[in-house]
Amino acid sequence: MNDGTDHGTGRGSWSGRGTGAPASTRTAPLPGMPSPATPGRTHEGRTDDGSRPHRGAAGGRSPRPRPTRRRRVVRLGVLLLAALLASFAGTYVWADTELDQEVDLGKLPDRAPAGKGTNYLIVGSDSRAGLSEQARKDLRTGSAEGRRTDSMILLHTGANGTTMLSLPRDSWVTVPSYVRPETGRSYRAEPNKLNAAFSLGGPDLLVRAVESNTGLHVDHYAEIGFAGFVGVVDAVGGVDMCLDRDVKDKNSGADLRRGCQTLDGAEALAFVRQRKQEAQGDLGRTRNQQKFLAALAEKAVTPGTLLNPARSFPTLSAGLDTLVVDKDTGLRDLMTLFRAMRGVTAGGGRQLNVPVSDPALATSKGSAVKWDDRRARTLFTELRDDRPVTLPQEK
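Heads up: take any position in the sequence shown, counting from 1, add 88, and you land on the working numbering.
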């Protein structure tokens with residue numbers, strides 16, 4: 089009798105035999121048994137509460153919500169910052185490879201022993217390289233060929249801050265023995281003006297003269313000519329200076345009024361070169377040079393210049409035109425140098441002239457500047473040992 093119950097052999101019954109479509113045998117799992125769902129597809133397409141998400145007309149998922157205005161601004165800021173950093177990095181790499189590293193300090197004989205801290209010899213050359221005839225007339229640089237120094241600053245950095253020490257170009261020193269490269273003729277050591285060492289033997293002889301007369305080891309050398317100086321000042325947008333009196337000098341072309349003002353490249357060059365109006369002549373000029381270089385460094389390393397490709401690239405390009413450094417000096421060292429000079433204006437350093445006993449010493453080479461040997465030796469020893477300097481700061 090058929091009571092409606094399937095007494096089969098345990099195989100599921102088939103409906104619609106011949107169609108090839110088996111009836112579903114999926115049942116709820118017994119307690120403790122795993123779900124019979126296909127692995128990897130459990131709750132596929134469902135939300136946390138088991139319901140299916142809303143689908144659009146085409147059967148796809150609903151579109152993601154549009155980013156808020158704040159998120160768009162943040163994304164734009166990130167992209168701009170990335171582009172800015174990439175531009176700065178490219179400029180940095182380019183400038184670092186363009187440095188004229190013609191001075192090899194490692195080959196110089198009779199070097200002074202290295203002391204504590206770091207010493208930079210900064211030279212302002214009167215080289216006219218890069219200047220047209222009209223530019224020479226406009227800047228009143230004259231037509232002299234070759235390289236002479238208009239300024240020499242020994243900058244020391246260490247545990248006690250930065251010291252900018254000016255070495256007057258007419259300092260009466262002993263110039264070491266040397267060989268003129270163009271003639272091969274040898275010359276013995278003899279007294280002469282410090283500027284003569286640069287004129288006779290270039291950077292190599294100048295570094296040797298500075299080291300032998302101060303006992304200070306020069307770690308880095310940096311020299312810039314007239315054209316590079318003017319270009320850098322103009323590239324940073326001028327340099328702010330406050331003058332306590334009018335400055336007018338026919339030889340340099342300086343014609344500046346008392347008070348605070350922004351000097352462009354030509355005005356700045358005239359200002360740092362003039363000395364006729366200074367009561368102490370060359371000593372007064374060195375003080376002006378220190379003040380201006382510190383102000384220039386402050387402007388050059390501000391974020392407005394460094395992070396602005398429109399300013400940083402022209403600044404570096406202008407400086408590289410006449411910049412000469414030693415083989416161990418890279419762009420990172422120059423940035424450290426500028427930051428150190430900037431620190432002087434912020435109270436983190438001192439501005440000094442080498443102690444002088446006679447600013448108008450009569451010599452066979454004309455009027456010269458005689459150092460105060462005792463006080464100068466004390467100062468050089470303090471710098472070599474990186475001790476606090478006891479010499480009063482220049483005003």
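We put the CB at the ideal spot given by N, CA and C, even for glycine. Quick caveat, the model's predicted, so the values are computed rather than measured.
Assigned secondary structure, residue i (DSSP; H/G/I helix, E/B strand, else coil)
| i | result |
| --- | --- |
| Q439 | strand |
| R465 | helix |
| S452 | coil |
| E190 | strand |
| Q349 | strand |
| E278 | strand |
| K336 | strand |
| V321 | helix |
| N248 | coil |
| G290 | helix |
| E270 | coil |
| D238 | strand |
| A342 | strand |
| D258 | coil |
| K204 | coil |
| T126 | Low per-residue confidence applies at T126: pLDDT is 49, beneath 50, and the placement is therefore not dependable, though the value from the model is reported in the following sentence. T126 falls in the coil class under three-state DSSP. |
Cβ-Cβ separation, residue j to residue i (assumed contact under 8 Å), whole Å
| i | j | result |
| --- | --- | --- |
| R430 | A356 | That pair is no contact at about 17 Å. |
| N441 | L371 | 6 Å |
| N301 | T237 | Between T237 and N301 the Cβ distance is about 15 Å, and since that is not below 8 Å, they are no contact. |
Residue i classed as buried or exposed, judged by whether at least 16 other C-beta atoms fall within 10 angstroms
| i | result |
| --- | --- |
| P264 | buried |
| L471 | buried |
| K195 | exposed |
| V432 | buried |
| V298 | buried |
| K204 | exposed |
| A310 | buried |
| G334 | Position check: residue 334 holds Asp in this sequence, whereas Gly was assumed. So D334 counts as exposed. |
| D461 | exposed |
| A358 | buried |
| A200 | buried |
| A202 | exposed |
| N339 | exposed |
Short Cβ contact (8 Å threshold) for residue i with residue j
| i | j | result |
| --- | --- | --- |
| D337 | R346 | no |
| M252 | G437 | yes |
| R463 | P443 | yes |
| M329 | A383 | yes |
| Q439 | S239 | no |
| V191 | K415 | yes |
| F380 | V327 | yes |
| H308 | T417 | yes |
I'd like to know if the region 245-265 and the region 445-459 are in contact, where contact means that at least 3 CB-CB pairs between them fall below 8 Å. The region 245-265 is in contact with the region 445-459.
Open item on the list: Closer than 8 Å is the cut-off here; do at least three beta carbon pairs connect the region 421-430 with the region 462-473?
Closed with: Put simply, the region 421-430 does not touch the region 462-473. Fewer than three CB pairs are less than 8 Å apart.
>> Below 8 Å, how does it come out for the region 193-210 and the region 277-297: are there three or more Cβ pairs, yes or no?
In response: Three or more Cβ pairs drawn from the region 193-210 and the region 277-297 lie within less than 8 Å of each other, which places the two stretches in contact.
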